[in-house]
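Student: Take this structure, written in structure tokens, and hold onto it; I'll ask about it next.
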Amino acid sequence: MGKTRTEHSRQVRDLCVEKRQEGLTFQAIADQLKMHVSSVKTIVVNAKRNGHTYSKLRSGRPRKTSVREDCQIVREAKKKPAT
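Going by full-length UniProt numbering, 29 is the number at position 29 of the sequence shown; the sequence numbering is gapless.
As structure tokens, then:
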């Protein structure tokens, strides 16, 4: 099975952008934060292009039931278990 990708936290991305604005190189930032240079560069370039560091919304199928409805379904199922 391949590696799973994890997203850097908002604080780490903000820190990358701040350090770049202070004049540090991508390599220096990567060494300090123990990240890949390409990750730092991608974060900084995307922040400059988009004007922010927060994550984009993900695509996907909309939920049919709300969290509250899910809890109601579970309660009903516990009351009347289908044997």
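Heads up, the beta-carbon is just placed ideally off N, CA and C, and yes, glycines get one too. Quick caveat, the model's predicted, so the values are computed rather than measured.
Considering just the uninterrupted stretch of the alpha helix (DSSP H) at Leu33, what are its terminal residues?
Tutor: Translated into positions along the sequence shown, residue 33 becomes position 33. That run of the alpha helix (DSSP H) goes Phe26 to Leu33.
Student: Is the beta carbon of Thr53 closer than 7 Å to that of Arg5?
Tutor: Counted from its first residue, the sequence shown places residue 5 at position 5. Counted from its first residue, the sequence shown places residue 53 at position 53. Cβ distance not < 7 Å, so Arg5 and Thr53 don't count as in contact.
Student: In the DSSP assignment, the alpha helix (DSSP H) including Arg58 goes from what residue to what residue?
Tutor: Start at 1 with the first residue of the sequence shown, and residue 58 comes out as number 58. Note, Arg58: premise wrong, no alpha helix (DSSP H); not H, not E.
Student: Excluding sequence positions up to five away, which residues of its chain have a Cβ less than 6 Å from the Cβ of Phe26?
Tutor: Residue numbering aside, residue 26 sits at position 26 when the sequence shown is read from its first letter. Here the set comprises Val37, Val40 and Lys41.
Student: Could you give the distance in angstroms between the alpha-carbon of Arg75 and the alpha-carbon of Glu69?
Tutor: Position 75 of the sequence shown, counted from the first residue, corresponds to residue 75. Position 69 of the sequence shown, counted from the first residue, corresponds to residue 69. Those two C-alpha atoms are separated by around 10 Å.
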